[in-house]
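As structure tokens, the structure follows; a few thoughts come after it.
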Amino acid sequence: MSLIGSLAAKIAAKFDDRDPVFYAADVLLFARSRTCLLHVLLIERGWDPHKGKLAAPGGHVDAEETSEQAARREAAEETGLDLTRVPLHRVGIYDQPGRDARGRYVSVAYTAVLSDMPAPVAGDDAAAAAWMPLHVATRLAQQGRFAFDHADMLFDACRIHGW
Numbered sequence: 445m446s447l448i449g450s451l452a453a454k455i456a457a458k459f460d461d462r463d464p465v466f467y468a469a470d471v472l473l474f475a476r477s478r479t480c481l482l483h484v485l486l487i488e489r490g491w492d493p494h495k496g497k498l499a500a501p502g503g504h505v506d507a508e509e510t511s512e513q514a515a516r517r518e519a520a521e522e523t524g525l526d527l528t529r530v531p532l533h534r535v536g537i538y539d540q541p542g543r544d545a546r547g548r549y550v551s552v553a554y555t556a557v558l559s560d561m562p563a564p565v566a567g568d569d570a571a572a573a574a575w576m577p578l579h580v581a582t583r584l585a586q587q588g589r590f591a592f593d594h595a596d597m598l599f600d601a602c603r604i605h606g607w
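Numbering-wise (the working numbering), the sequence shown opens with residue 445 and increments by one.
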């Protein structure tokens with residue numbers, strides 16, 4: 445960037461009174477157990493906001509990545525699962541003002557159905573990661589045990605899959 449361009453950007457930033465909007469991605473992963481019972485992979489949040497609540501793996505989109513790349517990265521960081529070869533399908537965009545106490549967040553949610561249930565390993569800001577029977581997860585979602593609007597994401601992903 446030229447010196448004039450850099451100076452112009454600094455001046456514009458000083459007078460910009462808009463609140464920042466943060467970009468995030470989440471992924472809802474499903475699989476069937478050996479008994480064909482549907483499960484969803486969830487984390488327990490280890491940090492505030494919503495410490496101790498259930499959530500889909502996810503987090504911030506870095507500057508050099510797409511939301512889909514971020515969803516794959518966050519799944520790996522929070523659950524240890526490598527989704528490199530897993531086709532992800534977009535569930536929706538979640539942008540309701542006030543959905544996150546930390547500020548204005550817009551999240552793109554993805555979903556996939558895995559052929560098996562690899563053992564997750566909690567990492568990063570996940571205190572725990574586990575496969576949960578879908579019927580249990582939906583009941584907990586209805587009881588308000590999910591962080592942010594991840595209950596909405598879960599129900600939307602189920603509708604996409606026809607469940």
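Beta carbons: idealized from backbone N, C-alpha and C, even for Gly. Here the structure is a predicted model, which is why all the values come from computation and not from measurement.
Run of the alpha helix (DSSP H) containing residue i, from where it starts to where it stops
i, result
"E509", "Here E509 belongs to no alpha helix (DSSP H), and DSSP marks it neither H nor E."
"A595", "H594 to H605"
Cutoff 7 Å; reference residue i; Cβ partners in own chain excluding five residues on either side
i, result
"S477", "H483 and M561"
"R589", "K497 and L498"
"G524", "P564, V565 and G567"
"H494", "A591 and F592"
"G490", "D569, A570 and A571"
Residue i, enclosing beta strand (DSSP E) - first and last residue
i, result
"L473", "V465 to R476"
"M576", "A570 to P577"
"R534", "H533 to Y538"
"T528", "Careful: T528 lies outside any beta strand (DSSP E) and carries neither H nor E."
Pairwise C-alpha distance: residue j and residue i
i, j, result
"E522", "R462", "32 Å"
"F474", "L485", "6 Å"
"D470", "H504", "9 Å"
"L527", "T510", "15 Å"
"D569", "C602", "25 Å"
"V552", "D492", "21 Å"
"D544", "E488", "16 Å"
"H579", "E508", "37 Å"
"G502", "V550", "12 Å"
"K454", "Y554", "36 Å"
"S559", "H605", "15 Å"
"D460", "H533", "36 Å"
Whole-number beta carbon distance between residue j and residue i, since they are thought to touch under 8 Å
i, j, result
"R464", "G547", "The sequence shown places Pro at residue 464, not Arg. Their Cβ separation, rounded to whole angstroms, is 7 Å, which keeps P464 and G547 in contact under 8 Å."
"A556", "V530", "5 Å"
Chain-order list of residues whose beta-carbon lies under 8 Å from that of residue i (same chain, five-residue window excluded)
i, result
"F599", "T582 and A585"
"A520", "D526 and L527"
Same chain, Cβ closer than 6 Å to residue i, five either side skipped, listed in chain order
i, result
"P577", "L481 and H483"
Review point. If we count Cβ pairs, one from each stretch, closer than 8 Å, do we get three or more for the region 506 to 517 versus the region 589 to 606?
Key: no
Exercise for review: Give a yes or no on contact between the region 580 to 587 and the region 530 to 544, applying the rule of three or more CB pairs nearer than 8 Å.
Suggested key: no
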